[in-house]
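Numbering (UniProt numbering), first residue to last: 1 to 107. We treat Cβ as the ideally placed atom computed from N, Cα and C, and that holds for glycine.
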């Protein structure tokens, strides 16, 4: 994907520090292998890039998810959860969960 080749770590960090965020809030994240072990993370959406941090006050994200060209799925067996089946970094599928359906859709 061309976007991933153009953006490097410094560019992404600059972008998230200086651009207005479209949405942000707390979600719970896990991998397929650890489906019942969700970790609380602070997420920031800026354009088509979703970054996540351990805490809201953190300067650098723990990870970045490029959303362009991908879709998400609702997960029936996990309440208020979305599956990102396309994120195959290190062979992982990712799941995001919110505390309520309203919160999930607002973020």
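- In its chain, beyond the 5 residues on either side, 41, 52, 53, 54 have a beta carbon closer than 8 Å to the beta carbon of residue 62.
- Residue pairing of residue 59 in beta bridges, as defined by DSSP: absent, with no partner found.
- The three-state secondary structure of residue 50, taken from DSSP, is strand.
- By the Cβ neighbour-count rule, residue 30 is buried, with 16 or more other Cβ atoms within 10 Å of its own.
- Residue 67 has its alpha-carbon roughly 17 Å from the corresponding atom of residue 27.
- Contact check for residue 43 and residue 24: beta-carbon distance about 6 Å, within the 8 Å limit, so the pair qualifies.
- DSSP places residue 16 in the helix class (H, G or I) of the three-state scheme.
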